[in-house]
Structures are given as C-alpha cells and as structure tokens.
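Working notes, structure below.
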C-alpha cells in the first residue's frame with residue numbers, strides 16, 4: 004500500500020485549503036511545484052505554480068511528511084495524451100484518438116494506455132534479440148578474447164575468456180518496457196485494474212533486467228522486427244523520463260511518479276505537427292528547437308525558435324507560447340528571430356486569447372508578427388484541421404521571394 008496524504012490541485016487553479024501537518028506543508032513547499040501559504044490552525048492554502056506548467060502525479064517526502072500530489076491538467080487527459088504522441092522523442096506512439104479514463108488524472112490514463120499498448124506488443128511473444136556477451140567458460144564459444152586471456156591467465160589453457168552473441172530476451176526493448184512497468188507499479192494513483200495488468204506483464208518479462216532508476220535508458224533502434232513494440236516504447240520513455248524533476252536552482256531530483264511540463268509538451272507538439280504539415284505542402288525540412296542561429300556576431304547568445312522551416316534558406320519561423328498572458332517580451336523575441344533569419348514575417352502561436360498582427364518598423368522595412376491561437380481543448384480531428392489551416396496561413400504570408408524549391 005502506498006501511503007501519504009492525497010492532495011489534488013488543478014493546473015492554473017486558484018488557492019484551495021488543505022489540512023496539513025507542518026511536515027507535509029514543508030514537503031510540498033520544497034517540491035517547488037506548489038505555492039504554500041499558512042492559514043488558520045493546521046489549514047494551509049495551496050495552488051499549483053502557474054509558471055511551472057507541471058501536471059501529473061508524484062509521491063513526495065518520507066515518513067509522516069509523505070504526500071501524494073496530483074496536479075490535474077487544464078485540457079482533457081485524452082487530448083494531453085494526443086499531444087504527448089508528438090513530444091516523446093522520435094516515436095509517434097499513436098495517430099488515432101486515445102481512450103482515457105473518465106478520471107481527469109494523467110497518471111491512471113497513462114498507466115492504462117501503456118498497459119494496453121504493452122499487452123498488444125507482448126501478445127505474440129516476447130521479442131528476442133542478440134546481445135554481445137563476455138564470459139569465462141571451460142570451452143570455446145564464439146570468439147576468444149586474446150588480450151583478456153593473456154592478461155588474466157598468462158600461460159594457462161583454461162578457462163577461456165570469450166565473447167559471443169547470445170539470443171536472449173534481455174535486450175534494450177524489453178528492458179525499457181520492464182523499467183516502465185516497475186515505475187508505474189511504484190507510483191500512486193494507478194487503478195487496481197491497471198496494476199493487475201502491469202503485474203501480468205511483469206511476469207511475462209522473466210529473465211529481463213530492468214534499467215537502474217535514474218540511469219540513461221538502454222539504446223534501441225526502430226526496425227521492422229520491433230515495429231509492434233514501438234508504440235509501447237514511446238509510452239515507456241514518457242513514464243521513465245517522468246522519474247526526475249529539475250528544481251529552480253538547476254538541481255535534478257528523483258521523484259516517484261510522473262510529471263509533465265506542459266509548455267515543453269506544447270512546444271514539441273507544435274514544432275512536430277506544424278513542421279509535418281509544412282513539409283507536406285512545400286517540401287523542405289523542419290527544424291524544431293533550432294540551435295543553428297545566434298543573436299550576436301560573437302556567437303555568445305544562441306537563439307532557439309521552436310520551429311524554423313527551410314527550403315534553400317529559412318522561409319517560416321514560429322514559436323509556441325503556453326501561457327494565457329501576452330507581453331512585449333514575446334514580440335522582442337520573435338523580432339530577433341526574424342532579423343537574424345532574414346524574414347519579414349514571424350508567428351507566435353498561443354493557446355488562448357485573440358488573434359492579431361503587430362507591424363514593427365525596422366529601418367525602411369516592416370516586420371509583421373502574427374499572433375495565432377491554437378485551442379488545445381478541441382477534439383482530435385478539429386485540432387488536426389486547425390494545424391493544417393495554420394500551415395496554410397503561414398504559407399500565404401510567406402515572403403514572395405521564397406521559392407518552393
């Protein structure tokens with residue numbers, strides 16, 4: 004049984020009151036995920052830090068200070084899972100709408116989706132692969148490691164230091180799945196049905212070594228042979244990457260749960276989805292989180308627009324803004340992108356508000372910054388259509404001198 008006081012807050016929500024001990028209040032405050040203010044007696048006021056944009060579930064603290072903290076996303080969980088399909092590395096683990104529990108929590112939905120996906124992957128049998136093994140044996144198997152033999156047993160014929168390829172279940176793909184299964188089994192909020200399914204999957208991976216928590220994940224390459232695993236591996240990477248959290252002072256701490264930073268998810272989603280739509284229309288290449296450009300001649304101040312689309316040169320620049328308010332800093336940032344990329348049009352894509360265009364004089368020229376809105380609460384098909392419409396709008400205002408290649 005996983006202990007700890009359950010505390011449930013809403014992303015972007017206001018203050019709510021909770022009866023906490025001083026140890027529990029200190030645990031929550033030290034997480035840097037929640038604003039904490041004292042109230043009367045043992046009542047404390049809590050709200051999720053809006054600047055963090057973090058959602059998910061995590062167990063914090065130890066002993067009497069243990070708290071199970073859940074931060075519920077503003078958008079429906081099934082929509083968040085859809086966004087995460089574009090934001091969990093190179094694997095896009097679903098293209099169609101994903102069913103999510105009626106509960107608004109992210110963790111139970113991810114656990115259930117992962118259990119179903121891993122179950123489909125493992126149903127035909129556990130994937131086998133070859134792994135290079137170094138061993139000491141009484142007989143020659145594979146290749147003799149001559150240097151190791153001379154170093155460890157000079158002048159002795161046996162045993163032999165050998166290296167051979169072992170056909171085994173203990174390969175990177177299975178190790179990552181097992182690591183995600185065990186991580187979810189350790190975390191709060193997972194439903195009994197999902198726990199039962201996860202335990203069944205764990206039993207089916209007998210002989211597999213789970214990755215060490217906090218260590219880099221084993222490397223794997225997408226191939227025809229592991230195609231049935233790829234959706235589950237994308238989800239597993241999400242689960243395992245949620246096992247740490249960066250504090251405001253830059254320290255990384257291990258957590259027992261799943262946390263997702265919404266502004267990062269939105270940046271990744273917009274870059275991937277909009278870049279894909281632009282490629283379909285004009286070809287070229289889309290660079291997300293493009294690090295190829297600097298603000299200054301000394302190359303000390305790097306720029307990082309969320310999306311730059313190239314033909315022979317940059318033709319579109321866009322930046323995602325996951326925040327309700329707008330400030331002049333957004334305009335200054337996009338102006339810098341446009342000036343360094345040689346573009347007269349730039350695009351800021353917010354998740355709420357109204358759309359407009361800000362025209363900025365630069366010498367005898369004008370840079371126009373378009374402020375768009377992408378409503379993440381839209382149904383899947385509407386969200387896809389909105390991305391397609393946005394791509395068309397970006398191309399309509401593209402400078403006339405930009406060829407389509």
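Residue numbers (the numbering used here): 4 to 408. The C-beta atom is built at its ideal place from N, Cα and C for all residues, glycine as well.
query: What are the complete beta strand (DSSP E) segments, minimum 3 residues, inside the segment 273-309?
result: If one requires a minimum length of 3 residues, the beta strand (DSSP E) runs lying completely within the segment 273-309 are 288-291, in chain order.
Burial state of residue 275, where buried means 16 or more other Cβ atoms lie within 10 Å: Buried: at least 16 other Cβ atoms inside 10 Å.
field: Local Cβ density within 10 Å of residue 294, reported as buried at 16 or more and exposed below that
entry: By the 10 Å Cβ count, residue 294 comes out exposed.
- prompt: What does DSSP give as the partner residues of residue 132 in its beta bridges?
  reply: 171, per the DSSP bridge assignment.
field: residue 116 - DSSP class collapsed to helix/strand/coil
entry: In the three-state reduction of the DSSP assignment, residue 116 falls in the helix class.
message: Assess contact between the segment 141-158 and the segment 170-185, defined as three or more Cβ pairs (one per stretch) separated by less than 8 Å. Is contact present?
response: Short answer: they don't touch.
query: In its own chain, which residues sit with a C-beta less than 6 Å from the C-beta of residue 132, not counting the 5 before and 5 after it?
result: Counting only Cβ-Cβ distances below 6 Å, and skipping sequence neighbours, we find 174.
task: Taking residue 390 as part of the alpha helix (DSSP H), name the residues at either end of that continuous run.
output: Start and end: 383-399.
- prompt: residue 349 by DSSP, collapsed to three states: which one?
  reply: Shown here, residue 349 sits in a strand according to DSSP, grouped into three states.
- request: Identify every residue that forms a DSSP beta bridge with residue 73.
  value: Residue 73 pairs with 11 and 60.
field: Where the alpha helix (DSSP H) containing residue 235 begins and where it ends
entry: Element bounds for residue 235: 233-244.
task: Below 8 Å CB to CB, which residues in the same chain sit around residue 376 once its five sequence neighbours on both sides are set aside?
output: Sequence-distant Cβ neighbours of residue 376 in its own chain, meaning closer than 8 Å and more than five residues away, are 352, 353, 354, 355, 356, 357 and 358.
task: Between the Cα of residue 342 and those of 370, 292 and 207, spot the shortest distance and give me the residue it belongs to.
output: Taking residue 342 as reference, the option from 370, 292 and 207 with the minimal CA-CA separation is 370.
message: To test your reading of the DSSP string, which unbroken alpha helix (DSSP H) runs of 4 or more residues are found completely within the segment 180-220?
response: The qualifying runs are 195-207.
- request: Report back the beta-carbon spacing between residue 273 and residue 299 to the nearest angstrom; my notes put them in contact at under 8 Å.
  value: Actually they do not touch by this definition, with Cβ atoms about 27 Å apart.
message: In the DSSP assignment, the alpha helix (DSSP H) including residue 33 goes from what residue to what residue?
response: Segment 25-33, the alpha helix (DSSP H) holding residue 33.
query: What are the boundary residues of the beta strand (DSSP E) that includes residue 321?
result: Annotation for residue 321: the continuous beta strand (DSSP E) segment containing it runs 317-324.
query: What are the boundary residues of the beta strand (DSSP E) that includes residue 260?
result: In the DSSP assignment, residue 260 falls within the unbroken beta strand (DSSP E) covering 259-264.
- request: Mind checking which residues open and close the alpha helix (DSSP H) that includes residue 80?
  value: Looking at the DSSP string, the run of the alpha helix (DSSP H) that includes residue 80 is 80-87.
task: State the CB to CB distance for the pair residue 117 and residue 238, rounded to an integer number of angstroms; the pair is presumed to be in contact (CB under 8 Å).
output: Correct: roughly 4 Å between the Cβ atoms.
query: Is residue 346 near residue 320, with beta carbons less than 7 Å apart?
result: Yes, Cβ-Cβ distance for residue 346 and residue 320 is below 7 Å.
- prompt: According to DSSP, which residues form a beta bridge with residue 41?
  reply: Among the bridge pairs identified by DSSP, residue 41 is matched with 47.
message: Here's the rule I'm using: 16 or more other beta-carbon atoms within 10 Å means buried, otherwise exposed. How should residue 197 be labelled?
response: Classification of residue 197: buried, given that the 10 Å Cβ count is 16 or more.
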